[in-house]
């Protein structure tokens with residue numbers, strides 16, 4: 167099918183990058199835990215603090231694990247399970263394109279590896295032959311079907327929130343609650359759309375938007 171062709175092309179294109187991904191060590195809250203690798207060994211960890219984009223993508227991976235597991239094991243909703251897997255593939259393509267610049271190669275490779283391996287494990291029951299062959303392309307010697315079913319990482323799923331002060335030309339006009347380390351473009355977009363900010367932007371031109379992560383946003387204007 168067209169969907170399986172997309173999966174095949176993506177995995178083959180990034181197999182070498184996944185195989186050569188570094189495995190560092192870090193504090194527990196910085197771990198990026200991959201599915202079991204060759205020989206049944208556990209996954210490694212990112213050697214530096216993950217970027218906000220990396221955290222967001224990893225949350226997507228583990229939200230997909232939770233959704234597919236619930237759909238299959240509890241509700242027997244196989245169509246929605248497949249839909250969730252397709253959404254993960256779309257997220258993979260988007261992350262691959264957006265992470266080429268501005269993300270360390272090691273973090274990018276480990277996230278791609280975790281996402282691809284998770285994808286194959288989730289897709290395995292629905293397409294065993296294709297996923298088994300792709301699993302071998304990643305350098306695994308054990309069968310895909312000898313691996314444990316992936317379990318969502320509570321740390322990856324957590325959405326800690328912070329209240330950010332919204333200013334217009336240095337004066338506090340509103341406040342915004344959003345997830346910690348939210349992407350800067352998302353913070354800017356939400357700030358400019360805030361109901362208490364918009365009236366202060368009428369008849370004025372936004373010159374720039376200054377974002378201090380997790381603290382404040384200052385919209386600088388001129389008439």
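Residue numbers (this note's numbering): 167 to 389.
Each residue gets a CB set at the ideal place from its N, CA and C atoms; glycine is no exception.
Only a predicted model underlies this, so the values are computations on that prediction, with no experimental measurement involved.
Buried versus exposed, by CB contacts within 10 Å (16 or more), residue i
{"i": "residue 346", "result": "exposed"}
{"i": "residue 220", "result": "buried"}
{"i": "residue 295", "result": "exposed"}
{"i": "residue 343", "result": "exposed"}
{"i": "residue 141", "result": "Residue 141 cannot be examined here, being either before or after the span of the chain that is shown, 167 to 389."}
{"i": "residue 182", "result": "exposed"}
{"i": "residue 276", "result": "buried"}
Integer-rounded CB distance, given that residue j should sit under 8 Å from residue i
{"i": "residue 173", "j": "residue 279", "result": "Contact flag wrong, Cβ pair sits at about 15 Å."}
{"i": "residue 407", "j": "residue 273", "result": "The first residue shown for the chain is 167 and the last is 389, placing residue 407 beyond what the model contains."}
{"i": "residue 258", "j": "residue 281", "result": "5 Å"}
{"i": "residue 370", "j": "residue 389", "result": "6 Å"}
Sequence-distant residues of its chain with Cβ nearer than 6 Å to residue i (five each side left out)
{"i": "residue 289", "result": "251, 297"}
{"i": "residue 376", "result": "384"}
{"i": "residue 233", "result": "250"}
Own chain partners of residue i with C-beta closer than 8 Å, once the 5 adjacent residues on each side are dropped
{"i": "residue 338", "result": "331, 332"}
Same chain, Cβ closer than 7 Å to residue i, neighbours up to 5 away in sequence not counted
{"i": "residue 286", "result": "297, 300, 301, 310"}
{"i": "residue 325", "result": "345"}
Alpha helix (DSSP H) segments (min. 4 residues) lying fully within the stretch 211 to 293: 218 to 235, 244 to 264, 271 to 289
Sequence ranges, beta strand (DSSP E) only - wholly within the stretch 287 to 342, length at least 3: 327 to 334
Three or more C-beta pairs below 8 Å linking the stretch 216 to 223 and the stretch 307 to 321: no
At least 3 beta-carbon pairs within less than 8 Å: the stretch 355 to 365 vs the stretch 319 to 329: no
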